[in-house]
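**Q** Just passing along the structure, written as structure tokens.
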Amino acid sequence: MRKPATMTSANTRYRLNRLLAVATIISVLQGCSRSDPPAPSWVENVFPSAGNFAGRCDTLRQNFYLRSIFNRYYYWTEDIIDQDPADFASTSQHFDYLVTDDITASGKAKDAYSAFISSEEYNNLVSGDGERGYGMRLTSSEPDFTGAIRIAYVAPNSPAALANIVRGDEITEVDGFTLIGADREISLPLLFPRNTGESHDFSIAGKGVITLVSEDVDFEPVQHEQIIGTDTGYLFFDDHAQDAEGELISAMQMFANHNGGTGIDELILDLRYNSGGLLFIANQLSYMIAGGSKTSGKFFERLKFNDNFSDENLIFQSIGRDPVSGLNTTLPQLSLARVIVISDHATCSASESIINALRGVGVEVVLIGEQTCGKPYGFIGFRNCGNTWLPIEFQSFNHLNESGYQDGFRADAGSFGVTLPGCVVADDFSTALGVSSEGRIAAALEYIDSENCPVAALISSSALRSAPALRAPGLAVNSAAMMKALQGWSVLEERDMRN
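Just so we're aligned: the sequence shown equals residues 2 to 500 in our numbering.
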């Protein structure tokens, strides 16, 4: 563990006002064109306000900015040994130093999730607007994308779809660089282009080399909403972005209206590739599943910050804010006793908040699939000099004060992770998503009927997930798509930023 650095005292607290406001982060950009004062000098364990350096974009002042931000806001600020920011040649190098390098008992990085990304790409991430890429959602046999990389699904009319790339196809190389081993730092970013018009050659197992040109692609965050059988609802939910709200409300309303208004009896919520996003989306969806009677007077999550700030409770949100569905419209309620969640190692952050929040108000959560990623942490974020910096700032607890899922939720007993009822089931790439015969959906339906797991699905989770999540210093998160694939994310929508 890094030796604690002395922290300045602080009596201000987080004021998370307007949690239903448009998702943004208040910037403290003061214009890089003004005359800069003399270069700052380091005094050990003395931390000037970050505002002294905000908007001044030379490397040294950006490093001083990060040093002050981490000292005041970073969840594990006590792990940092203070060091002269001038010792670091780049802001990314300094950022990597400030992130704790501790390892948990399971072998996972204590902080596998702090990151930074260009502010332009971050805006795309939270809004759900066109994602630059080829129209293929990727998944890997390992959480950190060190294993085989396959196509999870393809967006209609995207470059990938037009090239006849389909779910289950495996990418082995990009531009001649392998995706596993020494070439990874070159090849992996090529999967997630920052710009439109980028042309790359993809080697697809069994199909040869296919050239794709990147463009802005719209991925639908809510898909395949349907009634299976008599009274079971199914919903594939892929992204906690702003544009998911209206679609989720519509799907939940359809489920609530089923059977003459009595509603569905069971819900299969497919979160297998949902790496997280805006917490207000997770909050609303949890409310719509649990209903008002279970959530009344209770909070969705308690956010615990570092010792500079007090805890904050996020109450369950019962009204919508989507202009299409209706601002301040009362959300539909399913009032279910349990929910079946289809999970994977990509199920992360805000998706895990749904699982934990529902447990906290007495809704049984059944897992079908694989152990989740294990991220009970989130951030609010800081904009400076064209980047959005996302150090972990809080840990989430449910209404029963339960957290502790740093190693994820799992459907089988094991040394690490929180065990829930359910079945360990491999992803079925031979069948389209949203089809009742797809392996995980079929297992969910069998569990609903009998509370038993299909014999074919009794797989050790260690066979599915062999590597703990480790942070990869120096591997830049260069796009919204890469952030979703490699980093779980839970973000509050607005900062009242103090320096």
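Built from N, CA and C at the ideal position, the CB exists for glycine as well. Keep in mind the model is a prediction, meaning the values are calculated, not measured.
As a quick exercise: from N64, E174, S119, V362, pick the residue whose alpha carbon is nearest that of G382.
**A** If we check each option's Cα against that of G382, S119 comes out closest.
**Q** Would you grab the beta carbon distance between V218 and G136 for me? Rounded to a whole angstrom, and I think it's under 8 Å.
**A** Contact flag correct, Cβ pair sits at about 4 Å.
**Q** How would you write the range of the beta strand (DSSP E) that L304 sits in, first residue to last?
**A** Run containing L304: 300–305, per the beta strand (DSSP E) assignment.
**Q** Could you have a look at S416 and say whether DSSP puts it in helix, strand or coil?
**A** Reduced to three states, the DSSP call for S416 is coil.
**Q** To which residues of the same chain is F317 closer than 6 Å at the C-beta, ignoring the five residues directly before and after it?
**A** Counting only Cβ-Cβ distances below 6 Å, and skipping sequence neighbours, we find Y288, T296, F301.
**Q** Can you check whether the CB of F238 is closer than 8 Å to the CB of L272?
**A** Yes, the pair counts as a contact, with Cβ atoms nearer than the cut-off.
**Q** Please determine, among P41, V47, E45, the residue with the shortest C-alpha to C-alpha distance to A55.
**A** Nearest of P41, V47, E45 to A55, Cα basis: P41.
**Q** List the DSSP bridge partners of L139.
**A** I152.
**Q** Under 6 Å Cβ to Cβ from F89, same chain only, skipping five residues before and after it: list those, please.
**A** Same-chain partners within the cutoff: N64, H95.
**Q** Identify whether V456 lies in helix, strand or coil by the three-state DSSP scheme.
**A** V456 falls in the helix class under three-state DSSP.
**Q** Determine, using beta carbons only, whether Y76 and E394 come nearer to each other than 8 Å.
**A** Yes.
**Q** Using CA coordinates, which residue listed in E267, L236, A444, L315 is at the minimum distance from R339?
**A** Taking only the C-alpha atoms, the option nearest R339 is E267.
**Q** Across the region 357–373 and the region 418–436, are there enough close Cβ pairs to call them in contact, namely three or more that are closer than 8 Å?
**A** Flag = yes, the region 357–373 and the region 418–436 touch.
**Q** By alpha-carbon positions, which one of F306, D408, P333 ends up nearest to S319?
**A** Looking at the Cα atoms, P333 is the closest of the given residues.
**Q** Quick check on DSSP: helix, strand or coil for V223?
**A** In this structure, V223 counts as strand in the three-state DSSP scheme.
**Q** Given a cut-off of 8 Å, decide if L249 and I290 are closer than it, judged by their beta-carbon atoms.
**A** No, Cβ-Cβ distance for I290 and L249 is not below 8 Å.
**Q** Select from H346, V342, A347 the residue whose C-alpha is nearest the C-alpha of I355.
**A** If we check each option's Cα against that of I355, V342 comes out closest.
**Q** Could you compute how far the alpha carbon of V426 sits from the alpha carbon of R441?
**A** Looking at the two C-alpha atoms, the distance is approximately 6 Å.
**Q** State buried or exposed for I82, treating a residue as buried only when at least 16 other CB atoms are found within 10 Å of its CB.
**A** Label assigned to I82: exposed.
**Q** Which residue marks the beginning of the beta strand (DSSP E) containing H201, and which one marks its end?
**A** It spans 200–205 - the beta strand (DSSP E) in which H201 sits, taken as one unbroken run.
**Q** Confirm, please, whether the CB-CB distance from G375 to G409 is below 8 Å.
**A** Yes, Cβ-Cβ distance for G409 and G375 is below 8 Å.
**Q** For Q224, collect the residues of the same chain with a Cβ closer than 6 Å to its Cβ; drop the 5 residues on either side in sequence, then sort them by chain order.
**A** So the qualifying residues of the chain are F237.
**Q** Identify, in the order they occur along the chain, each residue of the same chain with its Cβ nearer than 8 Å to the Cβ of V167, setting aside the five sequence neighbours on each side.
**A** Cβ neighbours of V167 beyond the five flanking positions: I152, V155.
**Q** How do the region 175–188 and the region 94–108 stand: do at least 3 beta-carbon pairs fall below 8 Å, yes or no?
**A** Flag = no, the region 175–188 and the region 94–108 do not touch.
**Q** Could you work out which residue in G134, R133, V175 is closest to I150 when comparing CA atoms only?
**A** It is V175 whose Cα lies nearest to the Cα of I150.
**Q** For the region 244–259 and the region 195–214, state whether three or more C-beta atom pairs, one from each stretch, are separated by less than 8 Å.
**A** In short, these stretches do not touch, since the Cβ pair count stays below three.
**Q** Which same chain residues, not among the five before or five after D87, have their C-beta less than 7 Å away from its C-beta?
**A** The identity of residue 87 in the sequence shown is Ala, whereas the question assumes Asp. So the list reads W43, L61, once near-sequence residues are dropped.
**Q** Checking 8 Å against the spacing of the C-beta atoms, do H241 and I282 come in under that value?
**A** Yes, Cβ-Cβ distance for H241 and I282 is below 8 Å.
**Q** Is the Cβ-Cβ distance between A347 and S276 less than 8 Å?
**A** Result yes, Cβ atoms of A347 and S276 sit closer than 8 Å.
**Q** Just the C-alpha distance for E403 and I205, rounded to the nearest angstrom, thanks.
**A** Roughly 44 Å separates the two Cα atoms.
**Q** Would you kindly work out how many angstroms separate the C-alpha atoms of G50 and S350, rounded to a whole number?
**A** According to the sequence shown, residue 50 is Ser rather than Gly. So the alpha carbons of these two residues sit roughly 30 Å apart.
**Q** For G321, which residues of its own chain have a beta-carbon under 6 Å away from its beta-carbon, when the five flanking residues on both sides are left out?
**A** The answer, listed in chain order, is I250, T330, L332.
**Q** Near A358, what residues of its chain come up, given a Cβ to Cβ distance below 7 Å and the 5 sequence neighbours on each side ignored?
**A** S287, F301, E302, N399.
**Q** Do S141 and G148 count as a contact pair if the criterion is CB distance below 8 Å?
**A** Result yes, Cβ atoms of G148 and S141 sit closer than 8 Å.
**Q** How long is the line joining the alpha carbons of T25 and G387, rounded to whole angstroms?
**A** Only weak support is given to the placement of T25: the predicted model assigns it a pLDDT of 32, under 50, and the question is left unresolved by the model.
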